[in-house]
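Read through the structure below, which is laid out as structure tokens, and then see the notes.
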Amino acid sequence: MKRQIAEFELSDGTTHEVRLLLADKIRAERTRKARNWGENDMAMTTLMVWSAASRAGYYQGTFDEFQGTPEEPGDCVDLFVDQRERDEDDPTQPTTQNP
1 MKRQIAEFEL SDGTTHEVRL LLADKIRAER TRKARNWGEN DMAMTTLMVW
51 SAASRAGYYQ GTFDEFQGTP EEPGDCVDLF VDQRERDEDD PTQPTTQNP
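For the sequence shown, the working numbering puts the final residue at 99, and the numbers step up evenly by one.
Set out below in structure tokens:
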């Protein structure tokens, strides 16, 4: 199984990695329907990343503050979502060291 890992940069210069969980995807889908977005992939991706960042404690603001508008950029400067194989590094899981 591949895991979706988001990397994002905030306007304060910090960067973070967080795993997107099913809960983040469901939250995004419910919001898409409530806001009548249609099939807006970038908005859905941004919402999933915001949800994961909020859940992980990397971001405390609202989604609208995170994404901003074309006229007033938000707190998220850029983001990227990657799929990794299960045995690759997962920033949400502790690493184990073999003696």
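Ideal placement from N, C-alpha and C gives every residue a C-beta, glycine not left out.
Everything numeric in this text was worked out from a predicted model, so none of it was measured.
Three or more C-beta pairs under 8 Å: does that hold for the stretch 30-43 against the stretch 68-84?
Segments in contact, no.
Find out if the Cβ-Cβ distance for the pair ALA52, LEU22 is shorter than 8 Å.
Here residue 52 refers to the residue found at position 52 of the sequence shown. Here residue 22 refers to the residue found at position 22 of the sequence shown. For ALA52 and LEU22, no; Cβs fall outside 8 Å.
Do you know how far the Cα of LEU47 is from the Cα of VAL18?
Sequence index remark: in the sequence shown, residue 18 carries index 18 (1-based). Sequence index remark: in the sequence shown, residue 47 carries index 47 (1-based). In a straight line, the C-alpha of VAL18 is about 13 Å away from that of LEU47.
Quick one, are the C-beta atoms of MET44 and ALA28 less than 8 Å apart?
Looking up residue 44 in the sequence shown gives position 44. Looking up residue 28 in the sequence shown gives position 28. Taking 8 Å as the Cβ cut-off, MET44 and ALA28 qualify as a contacting pair.
Taking ARG86 and MET1 to be in contact with their CB atoms under 8 Å, please state how far apart those CB atoms are, rounded to whole angstroms.
Against the sequence shown, residue 86 aligns to sequence position 86. Against the sequence shown, residue 1 aligns to sequence position 1. Confirmed, about 6 Å.
Can you grab the Cα-Cα spacing for the pair GLY141 / GLU65, in whole Å?
Past the edges of the chain, shown from 1 to 99, lies residue 141, and the structure says nothing about it.
Leaving out five residues before and five after GLY74 in sequence, what residues of the same chain have Cβ atoms less than 7 Å from its Cβ?
In the sequence shown, residue 74 corresponds to position 74, counting from 1. If we look at GLY74 and ignore the five residues flanking it on each side, its Cβ neighbours are GLU65, PHE66, GLN67, GLY68.
Quick check: the Cα distance between GLU71 and SER11, rounded to an integer number of angstroms?
On the sequence shown, position 71 is the one that residue 71 refers to. On the sequence shown, position 11 is the one that residue 11 refers to. Those two C-alpha atoms are separated by around 15 Å.
Consult DSSP for GLN67 and reduce its assignment to one of helix, strand or coil.
Against the sequence shown, residue 67 aligns to sequence position 67. Reduced to three states, the DSSP call for GLN67 is helix.
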